[in-house]
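The numbering of the sequence shown is the numbering used here, which starts it at 3 and goes up by one.
Note that the Cβ used here is the ideal one computed from N, Cα and C, for glycine as well.
Since we're looking at a predicted model, the values are computed, not measured.
Encoded as C-alpha cells, the structure appears first; notes follow it.
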Amino acid sequence: MSIIIGLIQHGFPGGLIEGVSILIALNIIISVNSVNNYFSEKRLADLVKLSDEMMVTVFRNSSETITIDSEQLVVGDLVYIESGMKVPADMLMISG
Numbered sequence: 003m004s005i006i007i008g009l010i011q012h013g014f015p016g017g018l019i020e021g022v023s024i025l026i027a028l029n030i031i032i033s034v035n036s037v038n039n040y041f042s043e044k045r046l047a048d049l050v051k052l053s054d055e056m057m058v059t060v061f062r063n064s065s066e067t068i069t070i071d072s073e074q075l076v077v078g079d080l081v082y083i084e085s086g087m088k089v090p091a092d093m094l095m096i097s098g
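Laid out in C-alpha cells, this is it:
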C-alpha cells in the first residue's frame with residue numbers, strides 16, 4: 003500500500019522510497035526470525051532426543067548383565083526392572 007500511495011503522491015522515483023524501505027525492513031525481520039526459530043527448534047529436537055534415551059540392564063546370552071540403551075533391545079533380552087523404573091518396551095514378566 004505504501005508503494006501505491008507513494009507513487010500516486012510523489013511519482014515514480016520518489017514514491018518508491020518509503021514502500022521499498024518497508025519491504026526491506028520486513029524481509030530482514032522475517033529472515034532473522036526464521037533463522038532464530040530454526041535454531042530453537044533444532045535445540046529442542048536435540049533435547050527431546052536426549053530425554054528419550056534410557057539405559058537398561060539386560061541379561062543377553064549369559065548370566066552377566068550389561069547396560070545398553072533401550073532402543074538397542076532385541077527379542078530375547080531379559081530386562082532387569084528395578085523399583086520406580088519405566089518399562090522400556092513391551093515385554094513379558096518372568097518373575098517379580
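Reduced DSSP category for residue i - H, G, I as helix; E, B as strand; rest coil
i   : result
V60 : strand
V37 : helix
D48 : helix
I32 : helix
D54 : helix
I68 : strand
Contact under 8 Å by Cβ, residue i with residue j
i   : j   : result
D79 : V50 : no
G17 : L9  : yes
V58 : V77 : no
Integer Cβ distance of residue i from residue j, believed to fall under 8 Å
i   : j   : result
D71 : E84 : With 8 Å as the limit, D71 and E84 do not qualify as a contact, their Cβ atoms being about 17 Å apart.
Check: Three or more beta-carbon pairs under 8 Å between the segment 31-45 and the segment 62-71, yes or no?
Finding: no
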